[in-house]
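These notes are about the structure you will find just below.
There are 2 protein chains.
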Amino acid sequence: MTERPATPSSQDNPLVRKLSAFVRLSPNDVEVVAGMFRRRRNFAMGVELIHQGQVGQSAFVLASGWACSYKLLSGGTRQIVDFQVPGDFLGLRSVLFRTSDHNVEAVTTIQASEVTQRDLLAAFTETPRLATAVLWAASRDEAMVVEHLVNLGRRSASERMAHFLLELGARLRLVGMGNSTGFACPLSQYLLADALGLSAVHVNRVLRELREDGLVTFRRGRVEFRNYDALVDFASFDRAYLDHDGPLLS
Amino acid sequence: MTERPATPSSQDNPLVRKLSAFVRLSPNDVEVVAGMFRRRRNFAMGVELIHQGQVGQSAFVLASGWACSYKLLSGGTRQIVDFQVPGDFLGLRSVLFRTSDHNVEAVTTIQASEVTQRDLLAAFTETPRLATAVLWAASRDEAMVVEHLVNLGRRSASERMAHFLLELGARLRLVGMGNSTGFACPLSQYLLADALGLSAVHVNRVLRELREDGLVTFRRGRVEFRNYDALVDFASFDRAYLDHDGPLLS
Chain A
7 MTERPATPSS QDNPLVRKLS AFVRLSPNDV EVVAGMFRRR RNFAMGVELI HQGQVGQSAF
67 VLASGWACSY KLLSGGTRQI VDFQVPGDFL GLRSVLFRTS DHNVEAVTTI QASEVTQRDL
127 LAAFTETPRL ATAVLWAASR DEAMVVEHLV NLGRRSASER MAHFLLELGA RLRLVGMGNS
187 TGFACPLSQY LLADALGLSA VHVNRVLREL REDGLVTFRR GRVEFRNYDA LVDFASFDRA
247 YLDHDGPLLS
Chain B
7 MTERPATPSS QDNPLVRKLS AFVRLSPNDV EVVAGMFRRR RNFAMGVELI HQGQVGQSAF
67 VLASGWACSY KLLSGGTRQI VDFQVPGDFL GLRSVLFRTS DHNVEAVTTI QASEVTQRDL
127 LAAFTETPRL ATAVLWAASR DEAMVVEHLV NLGRRSASER MAHFLLELGA RLRLVGMGNS
187 TGFACPLSQY LLADALGLSA VHVNRVLREL REDGLVTFRR GRVEFRNYDA LVDFASFDRA
247 YLDHDGPLLS
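What follows is the structure in structure tokens.
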């Protein structure tokens with residue numbers, strides 16, 4: 007196959023951008039990934055795309071907007087496990103397991119493309135490098151869930167919030183939606199509370215502390231890093247864990 | 007390729023057993039997996055196999071014994087993320103990322119085989135089905151970390167312990183090391199405490215409560231389920247999430 011630059015539209019594809027951080031994708035790989043984006047659908051804010059306990063569930067790739075994955079507990083409370091941004095899979099485990107073990111809900115209006123188990127396995131058979139890249143993406147997601155676990159288990163409320171905002175910033179930079187000064191963020195204080203195991207009032211207080219300490223502000227839908235290095239130190243944020251200096255697998 | 011039964015030694019291989027729950031492995035797939043087990047080494051209890059922050063780290067596949075993965079925090083405390091049992095990867099993320107984001111330590115004397123990034127990518131190229139199976143295994147591990155997150159965020163201490171023991175039981179059954187009556191468990195109360203975000207004294211009290219309620223006992227290195235169904239209800243344990251009725255991908 008001759009090497010030619012990917013088409014501009016593929017370069018804009020957030021999943022291509024993300025996977026390219028790990029694996030140098032061939033034009034054919036890019037085609038296969040772009041193919042996953044073709045059946046794009048719109049979902050209104052609040053729509054549940056994946057249902058805990060549902061069998062034979064598809065996955066989705068998020069093209070625009072934000073989503074969140076969460077577990078419902080018997081008492082009616084919920085724990086948000088993670089937020090998804092463009093280029094992320096929604097419910098990848100749902101196509102690999104028989105039953106979905108979590109819910110996924112649209113946080114904003116979103117565009118997402120359905121990916122069936124059959125699509126995914128066909129893509130992996132056509133281009134094994136893609137399976138490796140998706141394994142990497144899944145491992146990165148696991149690394150983030152591990153950090154959220156450490157957040158809940160051992161970090162103070164303000165360290166938790168700082169770590170969370172730094173992580174979101176790093177993820178969004180990877181898909182071209184943020185930079186070292188900050189990023190647009192549609193999350194409410196209620197969503198932050200359910201993710202960080204805090205009350206909404208507590209979220210408010212923690213954000214005020216971080217602002218007053220000159221570290222970070224979150225106002226009118228935008229997170230601004232005021233002192234990035236100090237925030238990294240404060241949160242014990244591991245710069246390596248989401249850092250990418252080019253593909254590992256060329 | 008002619009279908010022939012895998013050799014008895016391959017059937018005994020816990021990684022083959024585990025991956026077979028998801029993908030029907032061909033004799034060639036089994037050979038490739040068995041190849042990963044060849045360079046088996048012994049490690050003494052307490053040895054650290056993977057170091058947080060280390061670059062160019064290999065992964066291991068655990069053949070016998072137990073290990074634990076954990077994160078060290080700035081204050082010198084640690085959060086155990088998960089325990090590994092035979093058939094599990096140790097540090098899979100370390101070969102997929104440039105830098106290891108966690109530590110792995112031998113909880114007992116263990117046997118483990120080193121797997122380099124090169125081995126793994128070569129295996130995936132030879133048999134793409136294996137990449138899919140490993141992606142499934144990584145997703146299952148992520149599902150467990152998600153449950154541990156819910157444990158810390160939203161479950162009481164005794165629900166946490168009950169959920170943890172049920173999950174370990176399900177994982178060990180999958181590799182033939184336990185059944186519905188219970189399993190051998192080498193974990194100390196200190197390790198349980200670091201995994202569940204409790205003090206060792208609290209672990210002791212919670213285990214006594216579960217025993218007095220006739221649900222489960224953990225004594226002299228053995229977990230015995232006294233009333234499995236009641237324990238599942240008590241912990242809101244999702245039976246589906248580690249259940250396997252045969253390979254999904256035939």
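The listed protein sequences correspond, in order, to chains A and B.
First residue of the first sequence? That's 7 in my numbering, and the numbers climb one at a time after it.
First residue of the second sequence? That's 7 in my numbering, and the numbers climb one at a time after it.
Yeah, the Cβ is synthetic: ideal placement off N, Cα and C, and Gly gets one too.
Remember, it's a predicted structure, so these values are computed and weren't measured experimentally.
If you draw a straight line from the Cα of B:Phe240 to the Cα of B:Ala163, it is about 12 Å long.
At a cut-off of 8 Å between beta carbons, A:Glu111 makes no contact with chain B. A straight line joining the alpha-carbon of A:Leu141 with that of A:Pro134 spans about 11 Å. Note on geometry: alpha-carbon atoms of A:Glu165 and A:Leu204 lie some 12 Å from one another. A Cβ-Cβ distance of about 20 Å is found for the pair B:Arg228 and B:Val238, leaving them out of contact under the 8 Å criterion. About 5 Å separates the beta carbon of B:Ala112 from that of B:Phe49, a gap short enough to meet the 8 Å contact definition. The C-beta distance from A:Ala236 to A:Leu213 rounds to 16 Å, too long to fall under 8 Å, and the pair is not in contact. No Cβ-Cβ contact shorter than 8 Å links B:Phe243 with B:Leu198. Residue pairing for B:Leu96: DSSP places it in a beta bridge opposite B:Phe66.
Annotation for B:Val101: Gln63, Ser64, Ala65, Val121, Thr122, Gln123, Leu126 place their beta carbon closer than 8 Å to its own, counting only its chain and skipping 5 residues before and after. In this structure, the beta-carbon distance from B:Leu155 to A:Val151 falls below 8 Å. In the three-state reduction of the DSSP assignment, B:Leu78 falls in the strand class, which pools E and B. Any Cβ of chain B closer than 8 Å to the Cβ of A:Phe95 would place that residue at the interface, and such an atom is absent. Only residues of its own chain outside the window of five on either side were considered, and among them Gly203 have a CB closer than 7 Å to the CB of B:Leu158, listed in chain order. Contact annotation: A:Gln58 and A:Lys77 have beta-carbon atoms nearer than 8 Å. Listed along chain A is no residue with a C-beta nearer than 9 Å to that of B:Thr122; the closest approach is about 13 Å.
Sequence-ordered contacts of the segment 48 to 80 of chain B with chain A read Gln58, Gly59, Val61, Ser75, Lys77, Leu79, Ser80 [C-beta pairs closer than 9 Å].
At a cut-off of 4 residues, the continuous stretches assigned as alpha helix (DSSP H) that sit fully inside the segment 144 to 214 of chain B are 163 to 180, 195 to 202. Of all residues in the segment 122 to 156 of chain A, only Leu127, Phe130, Thr131, Pro134, Ala137, Thr138, Val140, Leu141, Trp142, Ala144, Ser145, Asp147, Glu148, Ala149, Val151, Val152, His154, Leu155, Val156 place a beta-carbon less than 7 Å from a beta-carbon of chain B. Bridge partners of B:Asp88 according to DSSP: B:Ser75. At least one C-beta of chain A is nearer than 8 Å to the C-beta of B:Asp244. Collapsing the DSSP output to three states places B:Asn34 in a helix. Chain A places a beta carbon closer than 8 Å to that of B:Thr83, counting this residue as a contact. Per DSSP, A:Leu221 lies in no alpha helix (DSSP H) and is assigned neither H nor E. Judged by DSSP secondary structure, A:Ala118 falls outside any alpha helix (DSSP H) and instead within the beta strand (DSSP E) spanning 116 to 121.
B:Phe231 carries a strand assignment under DSSP once its states are collapsed to helix, strand and coil. Going by beta carbons, B:Ala118 and B:Arg47 fall inside the 8 Å limit. Residue pairing by DSSP puts A:Glu54 in a beta bridge opposite A:Glu111. Within chain B, the residues placing a beta-carbon under 9 Å from that of A:His108 are Ala149, Val152, ordered along the chain.
Our two residues, B:Arg226 and B:Cys74, have alpha carbons roughly 20 Å apart in a direct line. Bridge partners of B:Thr105 according to DSSP: B:Val61. For A:Arg44, the secondary structure class from DSSP, reduced to helix, strand or coil, is coil.
The beta carbon of A:Gly71 is closer than 6 Å to those of Thr114, Thr115, Ile116 in its chain, skipping five residues each way along the sequence. Contact annotation: B:Ala137 and A:Phe130 have beta-carbon atoms nearer than 8 Å.
Residue pairing by DSSP places B:Val140 opposite no residue, since no beta bridge is assigned to it. For A:Val29, there is no enclosing alpha helix (DSSP H), as DSSP marks it with neither H nor E.
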